[in-house]
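Presented below is the structure to which this report refers.
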Amino acid sequence: MPEDDFPPVFWTALTYDDSKMLERINNGRRFDVSFIYAVARRCSNGWPQVVVCRPITTNGVPFPTVFWLTCPYLDRKCGALESRQKIHDLETVLYGNRSEVSKWHHDYAKLRKELIEKEKIETDNMYAVMKSFETYGVGGINMAKSPCSAKCIHLQTATWLGWMRHPASEWLEKNIGELDCNGSCNAICALEQGNIKNDVN
């Protein structure tokens, strides 16, 4: 993806059906579809696998995660890798690629600013919000103190798939493996046809 393209052409609009499916998948858990700016990746059934979140909440608080993993199939895969302590392996890869990791965090901050400008978001503490982007990068990771912290594999996978770039993309591709359940998942989204084609947001 060319770094100056915004929004990326592969992001698509969140539809009414998308919203209803996400609410069903997240039944019983706190989930607010108003946070969603776009869908960054869809499965073969057409449902959102990764969504793009607005960088500031309705209360004016910075929301650190631009990309949110919504696919139950990928969520389970990430959980399985974390249970096997694979997050340490991922961090080893990040430590070995520190210059790219630094650029990745700074570009993420730039992406959040572009989302604010695109949405024309205004808040009373905008100066403090924008200053926080100089400290906190991907998923709220402190860029100066712990830039190679992975935090969680769900976050890293969502950022990789939603942005189509990652300093550990080869590791993620190898360890996540197949990205689509192809109907083998027992989640409700695997049983229904979704939005295969959408207009770009």
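Everything in the sequence shown is counted per the working numbering, starting at 10 for the first residue and increasing by one.
All C-beta atoms, glycine included, are put in the ideal place defined by N, C-alpha and C.
Excluding the five sequence neighbours on either side, which residues of its own chain have a C-beta within less than 7 Å of the C-beta of residue i, listed in chain order?
i	result
G69	T132, D133 and N134
K160	G148 and I150
L181	Q165, T166, W169 and H175
K206	Low confidence applies to K206: its pLDDT is 47, below 50, so where it sits in the model is not reliable, and the reading given next is rough at best. Cβ neighbours of K206 beyond the five flanking positions: none.
H163	L78, D84 and C87
Would you mind reading off the limits of the alpha helix (DSSP H) that contains residue i?
i	result
W56	Per DSSP, W56 belongs to no alpha helix (DSSP H) and is neither H nor E.
V110	R107 to E128
W172	I162 to W172
L200	L200 -> no alpha helix (DSSP H), and no H or E assigned at all.
Under the rule that 16 or more other beta-carbon atoms within 10 Å means buried, what is residue i, buried or exposed?
i	result
A49	buried
I125	buried
V209	A caution first: V209 carries a pLDDT of 38, below 50, which makes its placement in the model too unreliable to give a value.
T173	The sequence as given places Met at residue 173; Thr does not occur at that position. Looking at its Cβ environment, which holds fewer than 16 other Cβ atoms inside 10 Å, M173 is exposed.
G55	buried
I65	buried
A137	exposed
R51	buried
Are residue i and residue j close, meaning C-beta to C-beta below 8 Å?
i	j	result
H114	G146	yes
Y9	C194	There is no way to answer for residue 9, as the model of the chain reaches only from 10 to 210.
F72	F44	yes
G186	V61	no
Looking at the unbroken beta strand (DSSP E) that takes in residue i, where does it start and where does it end?
i	result
V18	It is not in any beta strand (DSSP E) - V18 carries neither H nor E in the DSSP assignment.
I45	I45 to R51
Kindly list the residues whose CB is nearer than 8 Å to the CB of residue i, restricted to its own chain and excluding five residues on each side of it in sequence; keep chain order.
i	result
T144	N151, M152 and A153
E32	F40 and V42
Excluding the 5 residues preceding and the 5 following residue i in the sequence, name in chain order all residues of the same chain whose CB lies nearer than 6 Å to its CB.
i	result
P11	Residue placement at P11 is flagged as unreliable, the pLDDT there being 45, under the threshold of 50; the coordinate-derived value follows with that caveat. Here the set comprises nothing.
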